[in-house]
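Input: a single structure, listed below in structure tokens.
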Ligand SMILES: Nc1ncnc2c1ncn2[C@@H]1O[C@H](COP(=O)(O)OP(=O)(O)O)[C@@H](O)[C@H]1O
Ligand SMILES: [Mg+2]
């Protein structure tokens, strides 16, 4: 008996995104399988952020198509993607600085008071939003003294924690995180990785963009290597050495597209101590 | 807040008339128009914009109301409604230019200032409109609290401040205005329809300028094409003195009320001390620079 092949949660074919003369995405493909943590790695400028922005409605690709559960889809804007259960922590653009934690957690999906206060006077239920925020933060083991302080008064790690907690709390389908640990210390990074594990334990797939190879090898089920605006390889961390993956990322090694074997770009590979 | 208290104590020590209920009522009447304009200005500044055209829009709204009503073209209440609508319309055009093209708010509203100023003079034929029917001046009527006479207009101004304090702090719309001012891109990525929100803010501000126009007409009893020429800057002064950051995303409409009162109290107190008007202007200018300095320094401390 063979299992039926799983339908990818999300796919993209031939995505192109140009910014003036810069081609950020140059025919990128993408596949996310159910329940997996997929790491997207690549050099600076490889088009990782552009890829996930295109996948989450933050930018419109110039060419190519996106499929959700096998069906073609077009997200008009980020709200569109959020409504489909796709939650994203964007790189460097996570929270509204002067608003408090609860307001940030519920930004764009605020809860109103029951009864006419809510329906007619549109009054927010601050208390309930604070309680639910506290619950979510506690679930993810993010310790915070007060939910009423503006997030600009938090440390970088706590702020990122708020952004991650928001994505995790709302996601129905997919969680996307663009370099969530880039600005964090060791302990805080560990907390974010724990959160990602908890999301996976809930059965949700996670797209994790990261520069940090040890993190990627620690947590990813699969690795998507992005280079010069394209996917150049899909790998399993167990099948490859870290140095090998880095070499593919930098172009020192190539992956043969037909049979997915790794081919050395001799000189370059030797230069970094492989082969 | 501290500045307001210090000023009040100082002026009351200098002049016993200052603390009388009648004098406070007068201060509120004096700041009512600029204070109302400053509500709209606060909304726009919270989105990290600025509005140079609010005084001009108000003057045009006032002329529309006064002229249509005085000429008997339409019933007075319809004239008022049309005036409000015209003001909201100019606000909407500002908002659309800021979002759709997009252009910097400073430039858009600078252009609008000139356009509307000219329209006011063309439409009024440079004539002050007199003999206004009763509904246009109704807000100038008074009622007694104790032995102090208060105008309905002052009451309406206070009410507007309360309404917008509520909207900004207790509704999703208010949260979104702050988020937009913090970072338009963060707001957009969070799923807020930022374009629609911006146009909405400028339109609501325009409507508030229309109410200011009605307050102005009711207070002066005429439609004056020369009205409001420095009110744009005065409203910015009130907003800034009230602690709202010109960088957007931080501030309170209650602060703006205090800011407007600070300007009113200073002018009134200095007047009672017999300081010439030109020195009052000078002192207000110094106050603004002080307020912006404090804003800058506190921002630097945060980041
Ligand atoms: N908004 C933009 N305007 C112009 N160029 C951009 C923009 N966003 C990204 N780029 C360019 O597109 C390329 C890919 O960027 P990005 O997707 O951010 O890569 P990564 O996240 O892998 O570092 C870079 O050359 C970058 O300069
Ligand atoms: Mg990036």
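Residue numbers (the numbering used here), protein chains in the order written: chain E, 1 to 275; chain F, 1 to 303. Note that beta-carbon positions come from the ideal geometry of N, C-alpha and C, so glycine has one too. The structure presented is a predicted model; accordingly, all values stated were derived computationally and were not measured.
Taking 9 angstroms as the Cβ-Cβ cut-off, the region 181-197 of chain F approaches chain E at 181, 182, 183, 185, 186, 187, 188, 189, 190, 191, 192, 193, given in chain order. Per DSSP, residue 66/F is one residue of the alpha helix (DSSP H) stretching across 54-70. If you look at residue 234/E, you'll find it in the beta strand (DSSP E) that goes 230-235. Annotation for residue 231/F: 34, 37, 55 place their beta carbon closer than 6 angstroms to its own, counting only its chain and skipping 5 residues before and after. At a cut-off of 8 angstroms, the beta-carbon of residue 41/E does not count as near ligand 2: no heavy atom of the ligand is closer than that.
The distance from the Cβ of residue 16/E to that of residue 72/E is about 16 angstroms, inconsistent with a contact at the 8 angstroms cut-off. Put simply, of 128/F, 266/F, 163/F the residue whose alpha carbon is nearest the alpha carbon of residue 28/F is 266/F. What residue 170/F touches in chain E, judged by beta-carbon distance under 7 angstroms, is 123, 124, going in chain order. Taking a cut-off of 8 angstroms for Cβ pairs, the region 97-105 of chain E and the region 195-211 of chain E do not touch, as fewer than three such pairs fall below it. For residue 249/F, a Cβ of chain E is located within less than 9 angstroms of the residue's own Cβ. When 256/E, 174/E, 237/E, 53/E are compared, the shortest CA-CA separation from residue 222/E is found for 237/E. Non-local C-beta neighbours of residue 67/E in its own chain, meaning closer than 6 angstroms and more than five positions away in sequence, comprise 11, ordered along the chain. A check of alpha carbon separations from residue 193/F across 197/E, 88/E, 77/E identifies 77/E as the nearest.
For chain F, the residues of the region 54-69 of chain E that bring a beta carbon within less than 8 angstroms of one of its beta carbons are 58, in chain order. Rounded to the nearest whole angstrom, the C-alpha separation of residue 215/E and residue 162/E is 20 angstroms. Assignment of residue 209/F by DSSP, reduced to helix, strand and coil, places it in the helix class.
Short of 6 angstroms from the beta carbon of residue 169/E, and not among the five residues preceding or following it, lie these beta carbons of its own chain, in chain order: 136. Ranked by Cα distance from residue 150/E, the first of 95/E, 52/E, 220/E, 83/E is 95/E.
For ligand 2, no non-hydrogen atom lies closer than 8 angstroms to the CB of residue 185/F. Nearest in C-alpha terms to residue 126/F, of all of 225/F, 242/F, 268/F, 111/F, is 225/F. Short of 8 angstroms from the beta carbon of residue 44/F, and not among the five residues preceding or following it, lie these beta carbons of its own chain, in chain order: 50, 51, 105, 201, 202, 205. Along the region 68-84 of chain E, going in chain order, the ones with a CB nearer than 7 angstroms to a CB of chain F are 78, 79, 82. Taken in chain order, the complete beta strand (DSSP E) segments of 3 or more residues contained in the region 124-160 of chain F are 142-145, 148-151. In the three-state DSSP reduction, residue 65/E falls in the strand class (E or B). Residue state for residue 226/E is assigned as strand, using DSSP reduced to three classes. Selection around ligand 1 by beta-carbon proximity, strictly under 6 angstroms to any non-hydrogen atom, yields 19/E, 22/E, 24/E, 42/E, 44/E, 45/E, 46/E, 47/E, 48/E, 49/E, 50/E in chain order. Taken atom to atom, the span from the alpha-carbon of residue 22/F to that of residue 98/F is near 43 angstroms. About 12 angstroms separates the CB atoms of residue 65/F and residue 212/F; that is not less than 8 angstroms, and the two are not in contact.
Contact check for residue 35/E against residue 229/E fails: the beta carbons are separated by 9 angstroms or more.
Taking residue 166/E as the centre and dropping the five residues before and after it, the same chain places the C-beta of 105 closer than 6 angstroms to its C-beta, in chain order.
Chain E has a Cβ within less than 9 angstroms of the Cβ of residue 179/F.
The shortest CA-to-CA distance from residue 18/F to any of 240/F, 274/F, 133/F is the one to 274/F. By the rule that beta-carbons nearer than 9 angstroms mark a contact, residue 171/E does not touch chain F. From the beta-carbon of residue 110/E, the residues of chain F found nearer than 7 angstroms are 172, 175.
Burial state of residue 44/E is exposed, judged by a 10 Å Cβ sphere holding fewer than 16 other Cβ atoms.
Rounded to whole angstroms, the gap between the alpha carbons of residue 132/F and residue 141/F is 14 angstroms.
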